[in-house]
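Engineer: To start, I am sharing the structure in question, which I have written as structure tokens.
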Amino acid sequence: MTSGSTPGSFPLPSLPSITVASPKDEEIPPPAVAADKLESEELVKLLDVIDKLRVFGVSEDISLPQLVVVGDQSSGKSSLLEALTNIQFPVASTLCTRFATQISFRRTLDEKITVSLIPSKDSTDERKKDLRSFSDTVDALTSDKFMEIMSKAATLMGLPKPGEGYKSGERFSDDVLKIELCGPNRSHFSVVDVPGLFQSATIHQTERDAEVVENLAKRYIQDSRTIILAVASSLNETANQKVFRLAKEADPKGARTVGVLTKPDAIQSGDEGRVIDTAQNKITILNHGWFVVRNRSTEEVQKGISFAERQANESRFFMKDPWRILDSDRVGIPALEKFLRKLLFDHIRKEFPNLVQEINTLMERCYKDIEALGPRRESSDEQRRMLIEIATEFQSSAKNSLMGFYEMDCLTQKSLRVRMHIQNLNEEFSDKVWKYGHTKSFKGKPSTAPESENVPTDPEEEALSIYDWIKNAYRQSRGAELPGMVNPGVVQLLFKMQTTKWEKLAVNHIARVKERVEEFNIDLLRQKCPDDALRQKIWMRLRPMFVAVYKRADDELHSILEDERGGILLTYNHYYAANLDHSRQQRILSLTEKFAGTSENISAIKKKHSSNEEQAVNEIHDVLQAFYKVARKRFVDCVALQVIERHFLGPSGPIRSFSPSFVGSLSREELRAIAGEERTIVEKRKSLMLKLERLQGAQEIANTGYW
Numbered sequence: 035m036t037s038g039s040t041p042g043s044f045p046l047p048s049l050p051s052i053t054v055a056s057p058k059d060e061e062i063p064p065p066a067v068a069a070d071k072l073e074s075e076e077l078v079k080l081l082d083v084i085d086k087l088r089v090f091g092v093s094e095d096i097s098l099p100q101l102v103v104v105g106d107q108s109s110g111k112s113s114l115l116e117a118l119t120n121i122q123f124p125v126a127s128t129l130c131t132r133f134a135t136q137i138s139f140r141r142t143l144d145e146k147i148t149v150s151l152i153p154s155k156d157s158t159d160e161r162k163k164d165l166r167s168f169s170d171t172v173d174a175l176t177s178d179k180f181m182e183i184m185s186k187a188a189t190l191m192g193l194p195k196p197g198e199g200y201k202s203g204e205r206f207s208d209d210v211l212k213i214e215l216c217g218p219n220r221s222h223f224s225v226v227d228v229p230g231l232f233q234s235a236t237i238h239q240t241e242r243d244a245e246v247v248e249n250l251a252k253r254y255i256q257d258s259r260t261i262i263l264a265v266a267s268s269l270n271e272t273a274n275q276k277v278f279r280l281a282k283e284a285d286p287k288g289a290r291t292v293g294v295l296t297k298p299d300a301i302q303s304g305d306e307g308r309v310i311d312t313a314q315n316k317i318t319i320l321n322h323g324w325f326v327v328r329n330r331s332t333e334e335v336q337k338g339i340s341f342a343e344r345q346a347n348e349s350r351f352f353m354k355d356p357w358r359i360l361d362s363d364r365v366g367i368p369a370l371e372k373f374l375r376k377l378l379f380d381h382i383r384k385e386f387p388n389l390v391q392e393i394n395t396l397m398e399r400c401y402k403d404i405e406a407l408g409p410r411r412e413s414s415d416e417q418r419r420m421l422i423e424i425a426t427e428f429q430s431s432a433k434n435s436l437m438g439f440y441e442m443d444c445l446t447q448k449s450l451r452v453r454m455h456i457q458n459l460n461e462e463f464s465d466k467v468w469k470y471g472h473t474k475s476f477k478g479k480p481s482t483a484p485e486s487e488n489v490p491t492d493p494e495e496e497a498l499s500i501y502d503w504i505k506n507a508y509r510q511s512r513g514a515e516l517p518g519m520v521n522p523g524v525v526q527l528l529f530k531m532q533t534t535k536w537e538k539l540a541v542n543h544i545a546r547v548k549e550r551v552e553e554f555n556i557d558l559l560r561q562k563c564p565d566d567a568l569r570q571k572i573w574m575r576l577r578p579m580f581v582a583v584y585k586r587a588d589d590e591l592h593s594i595l596e597d598e599r600g601g602i603l604l605t606y607n608h609y610y611a612a613n614l615d616h617s618r619q620q621r622i623l624s625l626t627e628k629f630a631g632t633s634e635n636i637s638a639i640k641k642k643h644s645s646n647e648e649q650a651v652n653e654i655h656d657v658l659q660a661f662y663k664v665a666r667k668r669f670v671d672c673v674a675l676q677v678i679e680r681h682f683l684g685p686s687g688p689i690r691s692f693s694p695s696f697v698g699s700l701s702r703e704e705l706r707a708i709a710g711e712e713r714t715i716v717e718k719r720k721s722l723m724l725k726l727e728r729l730q731g732a733q734e735i736a737n738t739g740y741w
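Position in the sequence shown counted from 1, then plus 34, gives you the numbering used here.
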């Protein structure tokens with residue numbers, strides 16, 4: 035029994051066995067009380083189901099109905115168990131039981147007594163292996179043989195041997211010694227004996243030991259599925275015996291407690307009335323009342339009287355005054371055994387539906403816990419398979435989002451509608467370049483970009499109209515050309531000045547796209563990979579790839595800017611000629627409108643002559659405006675197509691990076707670094723799988739073994 039485990043939980047290991055010769059060549063006689071009508075078919079089935087559940091080890095997960103014997107040291111508990119089980123318990127004044135003993139009787143065709151150890155739940159795997167290796171098949175259990183077995187068990191548990199004095203280290207254990215007695219004459223019955231309670235320290239046990247033993251007893255009797263057999267010596271007042279204080283704390287209503295008085299033959303003359311009043315439930319009142327038993331005296335033990343003789347002596351004792359006034363069904367081992375079998379049967383039958391429901395509930399919880407751990411990934415194949423599954427689901431959803439085929443999750447989580455966001459950002463970028471991308475407005479108005487774009491501006495330049503701005507550039511660029519002619523480098527220089535803001539606007543646009551793409555990747559990966567630790571490792575492995583993509587996108591942008599602004603002005607777009615013609619016509623139209631309504635409008639227009647400089651400035655304006663319109667559209671499209679689509683959304687972009695092919699390219703070491711499970715997860719999954727296996731077996735037994 036382990037600390038923190040469910041009281042009364044004892045998984046039965048399947049172990050090899052060795053044969054031990056029977057001392058004195060004397061077989062244990064069959065129980066004095068043969069199976070009676072109480073052992074109906076239903077009782078046998080119920081007890082058999084509970085036994086099978088223990089075999090499956092389900093008692094590690096839930097408590098099973100059982101009978102636990104608890105009492106103070108020297109209360110006669112061992113003698114009572116000896117009478118109930120017909121097992122010759124070791125007898126020694128210095129003997130102290132340091133672990134629980136589970137004794138089970140089963141009716142089978144073959145006679146067999148097996149002895150084994152059930153490790154505590156908190157034991158290490160190595161310790162469990164060592165303890166489970168201990169198993170005996172015994173022909174008979176004499177006191178000496180029992181002592182030998184207990185000594186071996188104590189040694190394996192790391193405890194002092196029975197009778198040994200103070201020893202450093204652990205002195206009591208949560209491990210369990212299991213004794214199973216099978217045969218055609220056995221009654222179906224199970225009982226658990228826990229170490230005796232005590233208050234005073236001796237050379238064999240300390241005050242700390244008293245606290246440990248009390249806590250061990252509490253863990254058993256506090257379980258609502260445990261029937262408490264509280265043993266009290268007739269020599270002492272029941273109120274002064276620790277067992278009843280603990281029983282009352284664990285079972286306030288007394289629904290699970292049966293009282294047993296021992297040593298009635300050892301009391302002083304005159305004390306019989308006190309014991310009889312207690313037995314008649316007049317002093318310490320229990321719902322199930324009291325039983326009185328008379329066990330072997332020290333002299334009878336020394337003489338080695340048989341179990342049959344012991345029962346005969348007990349029967350004669352209770353036929354004498356004053357004990358004969360007690361009800362016959364409340365005195366003696368046969369009456370107690372009959373009552374306990376019936377009580378245990380009723381208790382199991384009442385608890386069985388709850389037991390089945392608890393098994394089903396635990397199975398559902400176990401399934402959820404295993405599912406929460408994700409697929410098993412200990413080997414490279416398991417790791418790769420799991421990553422490919424995640425990457426495949428990731429790419430399927432990513433492809434749909436890029437095409438605008440949004441899944442249900444995208445409707446509730448806006449970040450997953452990546453194509454919508456990119457389209458909106460591209461349109462915003464196009465609008466901003468159209469509104470704020472030029473240094474000078476061709477309409478003669480200053481161009482002022484929003485502060486959020488953080489594009490460079492020159493206050494002095496902003497104050498000039500575009501014509502004054504062109505005139506300054508024209509004058510500062512004059513060479514050997516004739517008056518009115520334009521230096522070829524002037525338009526190229528002005529275009530570069532007119533597009534100064536393009537780079538900043540594009541850089542800001544790409545930063546926003548990058549933010550949206552990363553948000554999409556993070557949220558989609560979180561959806562496809564709920565495991566935080568695994569998701570973080572995947573992201574860290576992909577991150578350098580993303581950085582490389584961003585670098586290529588920046589390089590692509592600078593190439594586009596260099597092509598547009600750093601070299602010759604080039605276009606074959608027919609809209610350039612149309613734009614240029616439109617600009618010239620607009621100038622003539624403006625003159626027409628200026629002189630419209632006067633009688634001399636036509637002659638005034640004919641007489642209107644521009645200076646050489648003005649003609650050159652007008653020509654530069656028209657050429658610059660026509661080319662800028664074409665180049666602006668081309669620049670926006672190139673950024674959208676060659677930077678955003680190619681590098682952010684394309685086959686080598688961040689959204690397409692986490693793919694099955696990427697997983698397939700990972701080495702064993704890389705797989706282990708990304709998808710290898712921590713040891714704690716491996717152990718947790720192993721533990722949950724074992725638990726699920728136990729529960730599945732228990733469910734099958736519970737559903738078919740009884741019903």
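All C-beta atoms in this analysis are idealised placements derived from N, C-alpha and C, irrespective of residue type, glycine included.
Since I believe residue 317 is in contact with residue 272 (beta carbons under 8 Å), could you give me their beta-carbon distance rounded to a whole number of angstroms?
Structural biologist: Against the sequence shown, residue 272 aligns to sequence position 238. Against the sequence shown, residue 317 aligns to sequence position 283. Right, the Cβ-Cβ distance comes to about 7 Å (below 8 Å), so this counts as a contact.
Engineer: Can you pull the DSSP bridge partners for residue 152?
Structural biologist: Counting from one through the sequence shown, the residue named residue 152 turns up at place 118. Partner(s): 210.
Engineer: For residue 53, collect the residues of the same chain with a Cβ closer than 7 Å to its Cβ; drop the 5 residues on either side in sequence, then sort them by chain order.
Structural biologist: Within the sequence shown, residue 53 is the residue found at index 19, counting from 1. For residue 53, the pLDDT reaches just 27, beneath the cut-off of 50, and the residue's location in the model is therefore unreliable, although a value from the coordinates is still provided. For residue 53, where only same-chain residues beyond five positions count, the Cβ hits under 7 Å are 171.
Engineer: Short check: CB of residue 194 to CB of residue 188, under 9 Å?
Structural biologist: Counted from its first residue, the sequence shown places residue 194 at position 160. Counted from its first residue, the sequence shown places residue 188 at position 154. In this structure, residue 188 lies closer than 9 Å to residue 194 by Cβ.
Engineer: Report yes if the CB atom of residue 280 is closer than 9 Å to the CB atom of residue 313, and no otherwise.
Structural biologist: Within the sequence shown, numbered from 1, the residue matching residue 280 stands at position 246. Within the sequence shown, numbered from 1, the residue matching residue 313 stands at position 279. Taking 9 Å as the Cβ cut-off, residue 280 and residue 313 do not qualify as a contacting pair.
Engineer: So for residue 171, helix, strand or coil by DSSP?
Structural biologist: The count along the sequence shown starts at 1 and reaches residue 171 at position 137. Residue 171: strand per DSSP, three-state reduction.
Engineer: Report all residues from its chain with a CB closer than 8 Å to the CB of residue 398; omit the five preceding and five following residues, and keep chain order.
Structural biologist: Residue mapping note: residue 398 aligns to position 364 of the sequence shown, counting from 1. Correct list: empty, nothing qualifies.
Engineer: Give me the Cα-Cα distance between residue 278 and residue 153, rounded to the nearest whole angstrom.
Structural biologist: Numbered from its first residue, the sequence shown carries residue 278 at position 244. Numbered from its first residue, the sequence shown carries residue 153 at position 119. The straight-line gap from Cα to Cα measures roughly 29 Å.
Engineer: Determine the direct distance from the alpha carbon of residue 137 to that of residue 85, and round the result to whole angstroms.
Structural biologist: Locating residue 85 in the sequence shown gives position 51, counting from the first residue. Locating residue 137 in the sequence shown gives position 103, counting from the first residue. Computed Cα separation, rounded: 12 Å.
Engineer: What did DSSP end up calling residue 698 once you bin it into helix, strand or coil?
Structural biologist: In the sequence shown, counting from the first residue as 1, residue 698 sits at position 664. Residue 698 falls in the helix class under three-state DSSP.
Engineer: Looking at residue 291 and residue 270, is the spacing between their C-beta atoms short of 9 Å?
Structural biologist: What you label residue 270 is simply residue 236 of the sequence shown in a count that begins at 1. What you label residue 291 is simply residue 257 of the sequence shown in a count that begins at 1. It is not a contact, given that the beta carbons lie outside the stated cut-off.
Engineer: Counting along the chain, where does the beta strand (DSSP E) carrying residue 742 start and finish?
Structural biologist: Lying before the first or after the last residue shown, residue 742 is absent from the chain, which here runs from 35 to 741.
Engineer: How about residue 228 and residue 102: are their beta carbons less than 9 Å apart?
Structural biologist: Counted from its first residue, the sequence shown places residue 228 at position 194. Counted from its first residue, the sequence shown places residue 102 at position 68. Against a cut-off of 9 Å, the Cβ pair of residue 102 and residue 228 comes out as a contact.
Engineer: Looking only at its chain, what residues have a beta carbon closer than 7 Å to the beta carbon of residue 521, apart from the 5 residues adjacent to it on each side?
Structural biologist: Numbered from 1 along the sequence shown, position 487 holds the residue referred to as residue 521. Cβ within range, chain order: 511, 512, 513 and 515.
Engineer: To which residues of the same chain is residue 678 closer than 7 Å at the C-beta, ignoring the five residues directly before and after it?
Structural biologist: Taking the sequence shown and counting its residues from 1, one reaches residue 678 at position 644. Same-chain partners within the cutoff: 456, 460 and 547.
Engineer: Shortest alpha-carbon distance to residue 662 belongs to which of 728, 560, 219 and 527?
Structural biologist: Sequence index remark: in the sequence shown, residue 662 carries index 628 (1-based). Closest option to residue 662, Cα to Cα, is 527.
Engineer: Can you tell me where the beta strand (DSSP E) holding residue 407 begins and where it ends?
Structural biologist: The count along the sequence shown starts at 1 and reaches residue 407 at position 373. Here residue 407 belongs to no beta strand (DSSP E), and DSSP marks it neither H nor E.
Engineer: Hey, could you find the ends of the beta strand (DSSP E) residue 250 is sitting in?
Structural biologist: On the sequence shown, residue 250 is found 216 positions in, with the first residue counted as 1. First-last for residue 250: 241-255, but that is the alpha helix (DSSP H), not the beta strand (DSSP E).
Engineer: Hey, residue 116 and residue 122: beta-carbon distance below 9 Å or not?
Structural biologist: Against the sequence shown, residue 116 aligns to sequence position 82. Against the sequence shown, residue 122 aligns to sequence position 88. Yes. Within cutoff.
Engineer: Could you check what DSSP says for residue 289 in three-state terms: helix, strand or coil?
Structural biologist: Reading the sequence shown from its first residue, position 255 is the one you call residue 289. Coil.
Engineer: If we ignore side chains and look at the alpha-carbon of each, how far apart do residue 665 and residue 709 end up?
Structural biologist: The sequence position of residue 665 within the sequence shown is 631, counting from 1. The sequence position of residue 709 within the sequence shown is 675, counting from 1. Approximately 49 Å between the Cα atoms of the pair.
Engineer: Quick one: residues in its chain with C-beta nearer than 8 Å to the C-beta of residue 735, no 5 flanking neighbours on either side, listed in chain order?
Structural biologist: For the purposes of this step, residue 735 is taken as residue 701 along the sequence shown, with counting starting at 1. The answer, listed in chain order, is 83, 86, 87 and 90.
Engineer: By the 10 Å Cβ neighbour count, where 16 or more other Cβ atoms means buried, how is residue 623 classified, buried or exposed?
Structural biologist: Along the sequence shown, read from residue 1 onward, the residue named residue 623 stands at position 589. Exposed, by the Cβ-count rule.
Engineer: Rounded to whole angstroms, what is the Cα-Cα separation between residue 218 and residue 75?
Structural biologist: Position 184 of the sequence shown holds residue 218. Position 41 of the sequence shown holds residue 75. Computed Cα separation, rounded: 15 Å.
Engineer: Are there 16 or more other CB atoms within 10 angstroms of the CB of residue 439, so buried, or fewer, so exposed?
Structural biologist: Counting from one through the sequence shown, the residue named residue 439 turns up at place 405. With fewer than 16 other Cβ atoms within 10 Å, it is exposed.
Engineer: Please tell me whether residue 450 and residue 554 are closer than 9 Å, where the distance is taken between their beta carbons.
Structural biologist: Working through the sequence shown from its first residue, we reach residue 450 at position 416. Working through the sequence shown from its first residue, we reach residue 554 at position 520. Closer than 9 Å, so yes.
Engineer: So the alpha helix (DSSP H) residue 436 belongs to, where does it begin and stop?
Structural biologist: Residue numbering aside, residue 436 sits at position 402 when the sequence shown is read from its first letter. Residues 414-437.
Engineer: How many angstroms separate the CA atom of residue 370 from the CA atom of residue 385?
Structural biologist: The residue labelled residue 370 in the question sits at position 336 within the sequence shown. The residue labelled residue 385 in the question sits at position 351 within the sequence shown. When rounded, the distance between both Cα atoms is 22 Å.
Engineer: Considering Cα atoms alone, identify which of 78, 95 and 77 is closest to residue 731.
Structural biologist: Here residue 731 is taken as the residue at index 697 of the sequence shown, counted from 1. Nearest option by C-alpha distance: 95.
Engineer: Using only the alpha-carbon positions, how far apart do residue 412 and residue 716 sit?
Structural biologist: Taking the first residue of the sequence shown as position 1, residue 412 is located at position 378. Taking the first residue of the sequence shown as position 1, residue 716 is located at position 682. The straight-line gap from Cα to Cα measures roughly 8 Å.
Engineer: Answer yes or no: does any C-beta atom of chain C fall closer than 9 Å to that of residue 186?
Structural biologist: The chain inventory of the structure shown lacks chain C, comprising one protein chain alone.
Engineer: So who's on the other strand from residue 263, going by DSSP bridges?
Structural biologist: As a working mapping, residue 263 is identified with position 229 in the sequence shown. BP columns for residue 263 point to 103 and 292.
Engineer: For residue 375 and residue 99, what's the separation of their Cα atoms in angstroms?
Structural biologist: Here residue 375 refers to the residue found at position 341 of the sequence shown. Here residue 99 refers to the residue found at position 65 of the sequence shown. Distance between the alpha carbons of residue 375 and residue 99 is about 12 Å.
Engineer: Using the Cα positions of residue 149 and residue 212, report the straight-line distance between them to the nearest angstrom.
Structural biologist: Taking the first residue of the sequence shown as 1, we reach residue 149 at position 115. Taking the first residue of the sequence shown as 1, we reach residue 212 at position 178. So the alpha carbons of these two residues sit roughly 6 Å apart.
Engineer: Which residue comes first and which comes last in the alpha helix (DSSP H) that contains residue 503?
Structural biologist: Position 469 of the sequence shown holds residue 503. Residue 503 -> alpha helix (DSSP H) spans 500-510.
Engineer: Distance check for residue 417 and residue 104, CA to CA, integer angstroms please.
Structural biologist: Against the sequence shown, residue 104 aligns to sequence position 70. Against the sequence shown, residue 417 aligns to sequence position 383. Whole-angstrom Cα-Cα distance: 52 Å.
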